[in-house]
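The structure under discussion appears below in the form of structure tokens.
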Amino acid sequence: MKDSRGTQILIGDRVKVLWNFDNNIHEGDVFRVDRKHIEVDIAMHRISVHDHKKITKLHETKKKHR
78 MKDSRGTQIL
88 IGDRVKVLWN
98 FDNNIHEGDV
108 FRVDRKHIEV
118 DIAMHRISVH
128 DHKKITKLHE
138 TKKKHR
């Protein structure tokens, strides 16, 4: 799935999410990606996002080089 800017989101990426439950923006890590939704782990909660307009990737995932 892609974020609001069209950037591909992968497991482990850091993202910010507009959560409808409390209408606030939260930051967290992606732990599951499907065709229709993304699940994000934030402090004390896990959020399932179905609308790509409500999620934005913060920065690239760091890869370990050998």
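Numbering (our numbering), first residue to last: 78 to 143.
For every residue, glycine included, the Cβ atom is placed at its ideal position computed from N, Cα and C.
A Cβ-Cβ contact shorter than 9 Å links Val-117 with Ile-132. Annotation for Asp-80: Ile-86, Val-92, His-129, Ile-132, Thr-133 and Lys-134 place their beta carbon closer than 8 Å to its own, counting only its chain and skipping 5 residues before and after. Under DSSP, Leu-95 takes part in a beta bridge, and its partners are Ile-102. Just measuring C-alpha positions, the residue of Asp-106, Val-110 and Leu-95 sitting nearest Ile-119 is Asp-106. Residue pairing for Arg-112: DSSP places it in no beta bridge. For His-122, the secondary structure class from DSSP, reduced to helix, strand or coil, is strand.
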